[in-house]
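Step one of this worksheet: look at the structure below.
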Amino acid sequence: MIDIYDLIEELFPICRSITGDGVRRTLELVKKRIPIQIHEVKSGTQCFDWTIPDEWNPREAWIKDPAGKKIADFAENNLHLLGYSIPFKGKISLDELRGHLYSDPGRPDAIPYNTSYYERRWGFCLSHRQLGSLAPGEYEVYIDTTLEPGSLTYADMLVKGKTEKEIFFSCYVCHPSMADDSISGVALCTALCDYLLKRSGNYYSYRFIFVPETIGAICYLARNGGEMKRNVYCGMTVTCVGDEVEFNYKRTRSGKHALDRIVENILKHSGEKYKVHDFFLPGSDERQYSSPGFKLETGSLMRSFYGLPNYHSSADNLDFVTRRGIEGSYEIYRRILEAVEADFKYLNKMPYCEPFLSKYKLYDTLGAQVGSGSDYKKKILSLLNYSDGEHSLIDVAEKSSSCISDLIALVKLLKEKNLLE
Amino acid sequence: MIDIYDLIEELFPICRSITGDGVRRTLELVKKRIPIQIHEVKSGTQCFDWTIPDEWNPREAWIKDPAGKKIADFAENNLHLLGYSIPFKGKISLDELRGHLYSDPGRPDAIPYNTSYYERRWGFCLSHRQLGSLAPGEYEVYIDTTLEPGSLTYADMLVKGKTEKEIFFSCYVCHPSMADDSISGVALCTALCDYLLKRSGNYYSYRFIFVPETIGAICYLARNGGEMKRNVYCGMTVTCVGDEVEFNYKRTRSGKHALDRIVENILKHSGEKYKVHDFFLPGSDERQYSSPGFKLETGSLMRSFYGLPNYHSSADNLDFVTRRGIEGSYEIYRRILEAVEADFKYLNKMPYCEPFLSKYKLYDTLGAQVGSGSDYKKKILSLLNYSDGEHSLIDVAEKSSSCISDLIALVKLLKEKNLLE
Amino acid sequence: MIDIYDLIEELFPICRSITGDGVRRTLELVKKRIPIQIHEVKSGTQCFDWTIPDEWNPREAWIKDPAGKKIADFAENNLHLLGYSIPFKGKISLDELRGHLYSDPGRPDAIPYNTSYYERRWGFCLSHRQLGSLAPGEYEVYIDTTLEPGSLTYADMLVKGKTEKEIFFSCYVCHPSMADDSISGVALCTALCDYLLKRSGNYYSYRFIFVPETIGAICYLARNGGEMKRNVYCGMTVTCVGDEVEFNYKRTRSGKHALDRIVENILKHSGEKYKVHDFFLPGSDERQYSSPGFKLETGSLMRSFYGLPNYHSSADNLDFVTRRGIEGSYEIYRRILEAVEADFKYLNKMPYCEPFLSKYKLYDTLGAQVGSGSDYKKKILSLLNYSDGEHSLIDVAEKSSSCISDLIALVKLLKEKNLLE
């Protein structure tokens, strides 16, 4: 099995953006683990209402204060440079400089994450505390970046199952050094894809999508939206899954997909704290997948919700994201997959009254059996009763207040006893 | 704009009943503001299971106590005379008199409101405290009223819109000097009608109905019920809207009309305290409009609910009803109207992914836009996402936890940008 | 009327099991009250996946301790003998004996109820306290039972109504001396059947089923399931109805039958404490009636829920079951029956506006009638408004927050006035 946390540690230092070599290096590290296909789309390409922008590649960037000391050095933390900064070299006063500095008064010690993809600007991000301590005088600014025609890079991979009906997982590869937002999702998708490649008998096909957020998802849909519209059963956007904060599940657009009920059932019986949210705008790429032209049912299972204290800042780092956090999320995702793969309508082959369970070694022969009974008996009887061709496994789980994961093993057992099909 | 509170002050002193000159004077004051049509229906006319009663006109009424002092003088407060009292002159003992006196022990200082429309009686209403202070002896009673064939008076008015589909507002004009019950509704309907007459581009037609309660509404439906059954989209009975007590909304009979959801959405985002009640019997004229033969979907947005302390007594006066109260109610009604007029299913003209909003100056170009975002952005994205031809504006408001009133302006903006139709 | 508590007292001492003379004596006592039909089914008969077991008849059973003192004497309390114990005579050590003794550490003073229907064993049940006090030494065991081919005994009875559509009541006759579990249900069914035999104009047919639990119900369905599947409107399993603990209603499998709503409506307005539970597995014979091959909608109205402290032990005795408890349950069942018999969709014969109720002496002529009004008026107006051919009586009850039992009398009154049909 892939070591997810190792992958996060490898991905963390890279400076990514919506285009450029950071994305390419990121996808290469993924490709070492799973056989994704990498695609390039030229700047200027039209994707629905959008145009692929020029490619951006930063090399070096810093400010020197009047005393000649480097501050806001890109080499130290790539969040210091405003994403998509144009090149600039020169000496300017503090007053002039302020118009190019971004800080977050609400989180005075963190460097905020900021970008200007669609308007040409240069700028630096720094902690509000540092901003307040700047002395008057002349500052030297050095930004060595290129922003010129090139391409947007993304990757995908299809794990074929028995049916063309597919489930997709989408993550984004465009954030610089933040650990939870963006790369925890990339790492989890990589591990999940590896699991599915090794799992036998997949019923659904699985599509994994690694794209820059928004523009990448839009570009991906411009190229693959028709096929996805035909085949997609449901999907998930995967991000913010590496911390140890409670789970937050954002439902699909309809809120009524079996996926929603399965995720909620598994969370409910997981012992983990969690909250469930109806679909809402804005959000991440579920916005594009769920747009009215596509209406792909896309859920979003996160931990630390976007908007929480560490979000979009230097505080979203390898202290915040833990091995325990990411592996716990992986396990929940894996159980969701297993449940979706087992969520069919089964048929009780002995539908008239209950079968004589003692005969099948499914029942204790001693004891007055009315009413009382173990949780095990409850689950077996519930499976038999509701397997009438009208109830799916998640229906049975809900009706019997059981975890769907527990029922999967019993379905197998009852099939072996020839009681279920 | 009509001064609603002035109209209430003018209407307050008039002694109204279900027939008679009080109703006529009331409707004349309304007609000074809006061009209503006034109708007369002869006593004895059959309306479904009911018969229009004789017309009642009171002129003078009082009791003189053994010391010759006038008590319960109609000239002082018209609630003193039992509604529909027959004429009577004579001297009677206190014991005999008691059989004709009505008081309310639960509200010892208030004169209760009481009537005897369908059984011939005479009587006086007085405060329970006054009743208790009456000395033994001979009392002189003087009631100068007429109760004889005449007619029942009502008025209506149709403000034509683009469609024959209509929304009606019904108020009642039959209560003597009480300010909240009955005349606050008359005044609000007058102002609302005036607003609609001046508003351009009304989609719906609007019917305003000014009738004596119960018998008047039944008479109105006997004459106009067929047409209303064909055309009515929904309606409201308007009463008890002049005080400053919390809002109370009584839902339509089905409880599922868009009107219900719009009223509740606007109340929820209004900052006002309010309660919502399922349709119930009894009530006011929504009983007749919602009877099984008509089933007109009729909601009822009130403030002080019928049954509250001041209800049906001399305490329902111009101290209880305030300018602030009636104008606040008017504003809520106006916003309901605007929302019903805008509650259509819109169509996103760029349904594949989100449009490139920066192009339309609808988006800030700076900042990492994932997840975060203003309430404004949330509303625009929600409107675009849910405008798929399946969701009406109230659906979008509910799904995005927005006030429908706020969405109306954005619909206009997105239409101008050619993003919505 | 049958004295239900007398019947419970007569039934209590009998040692019943799933077969044998105890069942026959029980059914004979019922047959003295109502004309049930008693049936015998031979051992070895196949019923779906089950086989009728050999017939068991206990005569005498005891253990003598090393001092020669009888303990766990069947003659003293028939719960002492493990149900379906095979015969045994011999002297054995305490250690060997322990393997045949059953107690319940959670209820140290009670003799637990235990059986071994489908595996041949012998054993005794005794209080955990008594078990702990046994001295080492040689014990003499004496069990005089027969377990040999015979038959299973059950009874039923059909009270024919105007339609073949039927409602069934099922109780079980297989528990030894416990008062609430099993025989309170037998007694209540007997009284209910007697009530229906004397009631005139039954719309539904009523089936009463007296069977050993599980195997008896399965055997009954093997013989009558086809007919029941055709005719059954709904049914109830009746047990644990003699104590004074709060009511517990377990819904039908669908949870949406009118029976569910009627039971809940009557409980809600009864002033009794109660809880409502969705259908769940396991339980009693509703498991068989609700199996996917039959899907008979079967509710279960109990008091002390299975699983409570006294359940399946010697504490479930004539102290726990009271005259007040069983008669209270009977009254609730009777009212449920009356409501199901009256739960039709009525038609307001004067659907345009309200009728002029004063004319029918249904209305007070004095008083301003808007809004205020008695509970009586509310019920009459609600009945008239909702009797539009779309709402059944339970719909009206729910919509007007009335007890359906109260509406039944008003339906009769309005029919007499020719206002309803």
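Chains as they are written, first to last, in the numbering used here: chain A, -16 to 404; chain B, -16 to 404; chain C, -16 to 404. Glycine is no exception: its CB is placed at the ideal position from the N, C-alpha and C atoms.
Cβ-Cβ distance between C:Pro195 and C:Gly66 below 9 angstroms: no
Nearest residue (CA-CA) to C:Cys336, options B:Pro132, B:Tyr335, B:Lys278: B:Lys278
Chain C within 9 angstroms of B:Tyr101, Cβ atoms only: yes
Burial state of A:Tyr187, where buried means 16 or more other Cβ atoms lie within 10 Å: buried
Spatially closest choice to B:Gly89 from B:Ile54, B:Tyr294, B:Asp358, by CA coordinates: B:Tyr294
Nearest-angstrom beta carbon gap, A:Leu171 and A:Tyr122 [assumed within contact, 8 angstroms]: So it is not a contact: roughly 42 angstroms between Cβ atoms.
Pairwise C-alpha distance: C:Leu330 and B:Leu264: 17 angstroms
Where B:Tyr122 falls: helix, strand or coil (DSSP): strand
Below-9 angstroms beta-carbon distance, C:Glu337 vs any chain B residue: yes
Per DSSP, the bridge partner or partners of B:Pro159: According to DSSP, which records beta bridges pairwise, B:Pro159 is partnered with nothing at all.
Between the CA atoms of A:Ser134 and A:Gln29 - distance to the nearest angstrom: 12 angstroms
Beta bridge counterpart(s) of A:Cys386 as assigned by DSSP: DSSP output for A:Cys386 lists no bridge partner at all.
9 angstroms Cβ cutoff met for A:Leu242 and A:Glu280: yes
Burial state of A:Ala118, where buried means 16 or more other Cβ atoms lie within 10 Å: exposed
Beta-carbon proximity check, B:Ala168 vs B:Lys233, cutoff 9 angstroms: A small correction: the amino acid at residue 168 of chain B is Gly; Ala does not occupy that position in the sequence shown. No, Cβ-Cβ distance for B:Gly168 and B:Lys233 is not below 9 angstroms.
Whole-angstrom distance between B:Ala93 and B:Arg307, CA atom to CA atom: 24 angstroms
8 angstroms contact criterion, which B:Pro49 and B:Gly120 should meet: CB distance rounded: 3 angstroms
Burial state of A:Pro(-4), where buried means 16 or more other Cβ atoms lie within 10 Å: exposed
Simplified DSSP assignment, three categories, for A:Glu50: A small correction: the amino acid at residue 50 of chain A is Ala; Glu does not occupy that position in the sequence shown. Residue state, collapsed to three classes: coil.
Contact set between the segment 371 to 390 of chain C and chain B, restricted to residues whose Cβ is under 7 angstroms from the partner: Asp371, Ser383
Near-chain D residues of the segment 263 to 274 of chain C (beta-carbon distance less than 8 angstroms), N- to C-terminal order: Checking the listed chains, one finds no chain D in this structure; the protein chains it contains are A, B and C.
Beta carbon proximity, A:Leu410 to chain C, threshold 9 angstroms: For chain A, the structure presents residues -16 to 404; residue 410 of chain A sits outside this window and is missing.
Same chain only: Cβ atoms within 8 angstroms of B:Lys400, ignoring 5 sequence neighbours per side: Tyr343, Leu345
Check: C:Cys386 C-beta below 8 angstroms from any heavy atom of the ligand PLP: Judged by which ligands are present, the structure shown has none, so any question about the ligand PLP falls away.
Given 8 angstroms, three or more beta-carbon pairs between the segment 140 to 150 of chain B and the segment 90 to 109 of chain B: no
Reduced DSSP category for C:Thr222 - H, G, I as helix; E, B as strand; rest coil: coil
Beta-carbon proximity check, A:Thr305 vs A:Gly225, cutoff 9 angstroms: yes
Identity of the residues DSSP links to B:Tyr95 by a beta bridge: In the sequence as displayed, the identity of residue 95 of chain B is Pro instead of Tyr. DSSP, once it has assigned bridges, lists B:Ser296 as partnering B:Pro95.
Residue-level contact to chain C via CB, B:Gly208, 9 angstroms cutoff: yes
Given C:Tyr137 as reference, the closest of C:Leu396, C:Val394, C:Ile309, C:Arg8 once Cα atoms are compared: C:Arg8
C:His374, DSSP secondary structure in three states: strand
Partners in chain B for A:Asp32, counting only beta-carbon separations shorter than 7 angstroms: Met333, Pro338, Phe339
Host alpha helix (DSSP H) of C:Ile(-13) (start-end): -13 to -6
Given 8 angstroms, three or more beta-carbon pairs between the segment 56 to 73 of chain C and the segment 382 to 390 of chain B: no
Segments of 4+ residues assigned as alpha helix (DSSP H) that fall wholly inside the segment 166 to 223 of chain C: 168 to 181, 198 to 214
Chain-order list of residues whose beta-carbon lies under 8 angstroms from that of A:Gln479 (same chain, five-residue window excluded): Outside the shown range of chain A, which is -16 to 404, sits residue 479 of chain A, and nothing can be said about it.
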